[in-house]
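Below: one structure, written as structure tokens.
2 protein chains.
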Amino acid sequence: MAKLDFSPIADTTRRAEIVALLRRAILTGQLEPGQKLNELRISEQMRVSRAPLREAMRELVQEGILTSIPYAGTFVIDVTAKDIDDAYSLNKVLDEFAIELMWKLRDQRFFDELDRRHEAVKQATRDRDTTRQIETALQLHGLIHEWADNSVLLETWQRLTSRLQMYFALHQQARKEVVPAEDVHETYVALLKGNDMRAAQRHAREHIDLDFEELLAYARGLERRPSKGA
Amino acid sequence: MAKLDFSPIADTTRRAEIVALLRRAILTGQLEPGQKLNELRISEQMRVSRAPLREAMRELVQEGILTSIPYAGTFVIDVTAKDIDDAYSLNKVLDEFAIELMWKLRDQRFFDELDRRHEAVKQATRDRDTTRQIETALQLHGLIHEWADNSVLLETWQRLTSRLQMYFALHQQARKEVVPAEDVHETYVALLKGNDMRAAQRHAREHIDLDFEELLAYARGLERRPSKGA
DNA sequence: GAGAAGCAGATTGTCGACAATCTAACAAGG
DNA sequence: CCTTGTTAGATTGTCGACAATCTGCTTCTC
């Protein structure tokens, strides 16, 4: 018998597909913060009834990227400078924790996967595909959480990531120019391969602070002229 | 004009009420881990159609206390020893972070609220109301997170709390005898009022470890005879 | 008797229609 | 002119029915 691992087949419910579609639209900034999601209009565009759409929206509300007001509507969350600040400071704590947990679990497979994801970032950078660049950078960053072997931590990080991705996308979209991002991750990857855990933790902290300042400045600008929604 | 602050009126949708009902049933252990939730049966019992019920379930799935398999059903999550371990270790990290954040934000209102919640725990203990005892203890514990002024942290902690509450309820239910719980929180409260932040952080860690061992032992017992569901 | 094919029942997923609620424009009254 | 009451339209919340899928049993074949 051939030794073959089958991965689980895709969830083939409309709901799941709608969730994926909506999430992508939000995280790439196609749906702006504060914007209202009209159920009838969206369901007609997707050729789907409102039932699965509403269920999908309910999921995204719990995921924290939509917010719902009874009888008023469901909206893309508003991004405030404080939100970004809060998310980042928590993210730092989680990163430190993740590195501590996964440090002695590192093996060849980890290093290979690390390189693979690093390569994906570099590829996206070469392609000048900013959206994909954000996506791959976060995936690279997420590896430590996946490797930490703590399901609750991973889940928590993924929730945070959703929002971070949205913030970054907005940021990128705002300043039209393509980000250079030479290779900010080179040091990070090297440290994760090394033997100094403390150094890796310290770097994770500082590396994050890098883009953070820019992002915060952008967010503060946003707050002065709040979005109207559509 | 009289100076009066009105709090927002309650969300009066069936969905919201269903969510509250189901959550309570799960967190108090009335619905066992692994148990399947039959939509038709529950909707008839609640005198509600399946639409709002399904939306409510979708929320609880994202909240992490239900799990859903397409075309198979929605089930109360199974509790493994590792889950509890994971949740607790993350909880420790969050507690430390919260104490750091809220430490310089403490004021008289904080101390008053701290006393109020502490009193609620003691009251529940006197009443031998174990369910309420768990609830109030977690609320006492949650104050530092509410006071930390970091919305993402608070949200994260609340998600964790759901599960912790469920674990505790199961634990309590298993060993029939009422918990003594003299006053484990006395020291904790005192330290939060004091001037030694590090000491408070250290205690939060150790205090948690207390019940933790018992809970883990219980969970390991569970795993040897996995629940069937109903 | 063992195994495959197919059927029946139950359950979940989806749909279209109706009811409840909100918003905004307009009219009436002070 | 400002406030209050009314009404029409649009949107969300809920319902009952139908379609798709799964599960277990039965039946058929060998």
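Protein sequence lines correspond, in order, to chains A and B. So the number in the working numbering is just where the residue sits in the first sequence, counting from 1, plus 28. So the number in the working numbering is just where the residue sits in the second sequence, counting from 1, plus 28. Note that CB positions come from ideal geometry on N, CA and C, so glycine has one too. All values reported here derive from a predicted model rather than from experimental measurement.
Query	Result
Burial state of A:W175, where buried means 16 or more other Cβ atoms lie within 10 Å	buried
Element boundaries [beta strand (DSSP E), containing A:T95]	94 to 97
Span separating the alpha-carbon of B:L59 from that of B:V104	7 Å
Any non-hydrogen atom of the ligand HEM closer than 6 Å to B:R203 Cβ	Of ligands this structure carries none, so the ligand HEM is not represented either.
Residue-level contact to chain B via CB, A:Q178, 7 Å cutoff	Per the sequence shown, the amino acid found at residue 178 of chain A is Asn instead of Gln. It does; some Cβ of chain B falls within 7 Å.
Residue-level contact to chain A via CB, B:P80, 7 Å cutoff	no
Three or more C-beta pairs below 8 Å linking the region 84 to 95 of chain A and the region 80 to 91 of chain B	yes
Closer than 8 Å at the beta carbon, the chain A residues around B:D123	What B:D123 touches in chain A: nothing, since even the nearest Cβ is about 11 Å away.
Chain B residues whose Cβ lies nearer than 7 Å to that of A:G61	A quick correction: the sequence has Pro, not Gly, at residue 61 of chain A. In chain order: nothing, as chain B lies at least about 15 Å away.
Contact with chain B by A:Q90, beta-carbon distance below 7 Å	yes
Proximity winner among B:D39, B:R43, B:P61, B:L168, relative to B:M194 (alpha-carbon distances)	B:P61
Cβ neighbours of B:I112 in the same chain (closer than 7 Å, five flanking residues each side left out)	Y195, L243, L244, A247
Best match in B:A109, B:L50, B:Q229 for proximity to B:Q63 [C-alpha to C-alpha]	B:L50
Partner residues on chain B for A:E87, Cβ-Cβ distance less than 8 Å	R86, E87, V89, Q90
Beta-ladder partner(s) of B:G101, from DSSP	B:I97
DSSP state of A:L59 mapped onto helix, strand, coil	coil
7 Å Cβ cutoff met for B:L188 and B:A126	no
Among A:A44, A:A218, A:D157, the one whose alpha carbon lies nearest that of A:D143	A:A218
With 16 other Cβ atoms within 10 Å as the buried cut-off, status of B:A227	exposed
Beta carbon proximity, A:E214 to chain B, threshold 7 Å	no
Within-7 Å CB hit, A:E83 to chain B	yes
Proximity of B:A197 and B:T56 at Cβ, strictly below 7 Å	yes
Spatial distance of B:N66 from B:R160 (CA atoms)	28 Å
Cβ-based neighbour list, B:D39, same chain, cut-off 8 Å, excluding 5 preceding and 5 following	none
Residues of its chain near A:A48, where Cβ-Cβ distance is below 6 Å and the 5 sequence neighbours each way are ignored	none
Residues near B:N119 in its chain [Cβ-Cβ closer than 6 Å; skip 5 each side]	L188
One or two residues paired with B:L65 in a DSSP bridge	B:T102
Same chain, Cβ closer than 6 Å to A:R43, five either side skipped, listed in chain order	P80, E83, A84
Local Cβ density within 10 Å of B:N223, reported as buried at 16 or more and exposed below that	exposed
Residues that B:A115 contacts on chain A, provided the C-beta gap is smaller than 7 Å	V180
Where A:D111 meets chain B, residues with beta-carbon distance less than 8 Å	S179, V180
B:L118: contacting residues in chain A (beta-carbon distance under 8 Å)	F125, N178, V180, L181, T184
Rounded distance between the beta-carbons of B:T184 and A:T184, thought under 8 Å	6 Å
Complete runs of the alpha helix (DSSP H) confined to the region 129 to 186 of chain A [at least 4 residues]	136 to 154, 158 to 175
Endpoints, the alpha helix (DSSP H) within which B:R75 is located	Taken as a continuous stretch (DSSP letters only), B:R75 belongs to no alpha helix (DSSP H), as it is neither H nor E.
Sequence-distant residues of the same chain with beta carbon closer than 6 Å to A:P254, five excluded per side	Unreliable positioning characterises A:P254 in this predicted model, as indicated by a pLDDT of 44, which lies under 50. The coordinate reading is nonetheless provided below. Excluding residues within five positions, none has a Cβ falling inside 6 Å.
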